[in-house]
Every structure is written in C-alpha cells, then in structure tokens.
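Notes for the one structure printed next.
Residue numbers (the working numbering): 21 to 379.
And the structure:
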C-alpha cells in the first residue's frame, strides 16, 4: 500500500460527511502504523463536533505513537467550536503527517503544518490533492471568494430549450433524473429560483425521496416582491427557512412585504446585483447554492460569472421554435467545461462539468 492508497481511503471517509458539515469542510483521516496496519480512521460528521483527526486518534489510542496520519485537509491549529487538532496529533506521538491540501482558512493556512514541524513531525502535502479539492469546493469558494459555490442546474430538450414557452410550466425529466436531482438537493446548503419560476411552477423546493439531516434554505430572487403569499413554498417552513431577496424599493412597500413576512418569509434587501446577493449569503455561512431556474436568473448568474458548476439533464423532447432557450440563447458549449462527465439516467442524459475547474 502506498501513500496514495491510504489517502484514497481518507477521501472515502471524508465523503461520508457530505451535506452535513457546512460551513465546515468535509475531512477524512486514517492512521497507519510503520508496518502498514490501519489502526484508526474517522471523518468530520457535523459542524461543531469532533474533527476527523480526533476520531481517528481516539480509535488508534496508544497505537498512534510512531504512526503516519493521512488527512484530506491541513489539521486545524486554532480553537473554534472544538480545540486545535495539531495539539492532539503531537501529543499522540504521530511521527508523520501526509495531508492532501492546505487549509485556505486564514486562521490555519500553513500554521497547522508549521506547528507540527516545530514538534519534529514530518509533513508532506499534495497526495490526493485534486480529489480533496473537489470534495471541498463549497468550503474553498466560501473562504476564498466570500460567496457560495454555485451549481447551475437545468433540464433541457434536445433542441436546447428549458420550457415550451414563456410562463409555460413544462415537465421534461424522467423519474431517474428526478431522483438524481433530489439527491443533490439533499447535500447543498440552499436552493434558489427566480420569482418567475416560482409564479409559474409553484415549487416546494424540498428534497424528496432522500434523507436530509439539516434544514434546507430556499431562496427566491424577487426584485419587485411579486411572490404570492399563498405559494406552496411558504407552507413548507418545517423543511427549512424561506428567504426572499429583493430591492430596497420593493421592501419599502408594506403592502407587499408584510403579507410575506406574516407567512414566515425572511425579506433580505440587496442593493447590488446577483454577486452582491451571493456575498450576503456567504456572510450567513451558505457555502453551496443550487440555482434551479429560471432563464432570467440563470442568465444573470452566467453574465456575472458566478457559476462554478453546470449540471444539465438532457431529455429526448423537442420543444420547437417557441421554446425558451437555455441561458436565453447566450453562447454556451458543454465542450468548454472542465472535467466533463456524462451519465445515462433512464431516457435522459446527465451532462455536467466545472466552469473553471476545481480550485
């Protein structure tokens, strides 16, 4: 077994925390003795609970002395809701730490490695780095850009349309594609739509058929506060809060704001464009946002260059000349996405990839 093999095992454990640790990263750890025996392993399960390294050290106990710790992220060196992992690692007698990536958090960012090396612990960084970066794109984006990692999701016809016409509710995807989409909803921090989609489709924006441990934030971008107080979204507050992002002018209209607040919606005023609204979400610790529609909102996100990942469910339908084009007909090429992936889902085909690549 090589360092790469053990790091792959740590990455497997890290992925077990997906959808449950935000705004913290997902992290996995494996402890291996000098003769190649795995004596400890663990992952970060929830924000505020013990980190992956602590779980692995607890399992390894005295067998950690002289062993190698494989960790998917630089061990923390500061006190947050839990204590610094580097102190536990040094006290346990770990001889060597192999980490996939440096933690971009300014409170850590190399300090964890420096602490370990000052205690005579050998440190190697970079093994499994690409895989670790993919797992933690939401965390990295939140720390580095102060906004959520944005996934643009759309169901499109073979002729590149998302609806049969303006304001026309159009069901395109199969049951298999729907199940896949709901699994992803179960992992993100927030789901967002524009008010046009809300009025047309009256969606619930809840993950169905899958387990979700945390409440899901539902966001409506609505500059004129046209959201109907009777919409179904506001009947599902037990699934998570509803935030309506609007303009100062609309928020000043009590006749529109107060009925929505009476139904439990939080009205958030933003003075800038979509990028400014995303920064507001970032301040709230929202690390991942699924942008589900509609055409105007997705086009705005594309123009403001805040889309990080594109997920398209391509269906066998043809919607014709009157159909609403994906991104309103703006230039888009799947071939230009990075790390593209294609997967059959029933009669549909999933096509997805990064806009800029993991970073």
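All C-beta atoms in this analysis are idealised placements derived from N, C-alpha and C, irrespective of residue type, glycine included.
Keep in mind that this is a model prediction, so the values were computed, not measured.
Check, Outcome
"Run of the alpha helix (DSSP H) containing residue 279, from where it starts to where it stops", "274 to 282"
"Cβ neighbour criterion (16 or more within 10 Å) applied to residue 372", "buried"
"Beta-bridge partners of residue 375, as assigned by DSSP", "BP columns for residue 375 are empty, so no partner."
"7 Å CB neighbourhood of residue 374 in its chain, flanking five on each side removed", "328, 329, 357, 358, 359"
"Delimiting residues of the beta strand (DSSP E) encompassing residue 91", "88 to 91"
"Close Cβ partners of residue 104 (< 7 Å) along its chain, the five nearest in sequence each way excluded", "96, 97, 98"
"Residue 59 versus 26, 31, 243, residue with shortest Cα-Cα distance", "26"
"Alpha helix (DSSP H) runs contained entirely in the region 103 to 182, provided each spans 4 or more residues", "105 to 112, 131 to 138, 149 to 155, 157 to 165"
"Rounded C-alpha distance that separates residue 260 from residue 158", "20 Å"
"C-alpha distance - residue 275 paired with residue 185, whole-angstrom precision", "31 Å"
"Presumed contact (8 Å Cβ cut-off) between residue 217 and residue 331, rounded CB distance", "Rounded, the Cβ-Cβ distance is 16 Å, inconsistent with contact."
"Exposure of residue 24, with buried meaning 16 or more beta-carbon neighbours within 10 Å", "exposed"
"Exposure label - residue 323; buried when at least 16 CB within 10 Å", "exposed"
"Where residue 73 sits in the DSSP three-state scheme", "helix"
"For residue 329, the first and last residue of its enclosing beta strand (DSSP E)", "329 to 334"
"DSSP-derived helix/strand/coil call for residue 364", "strand"
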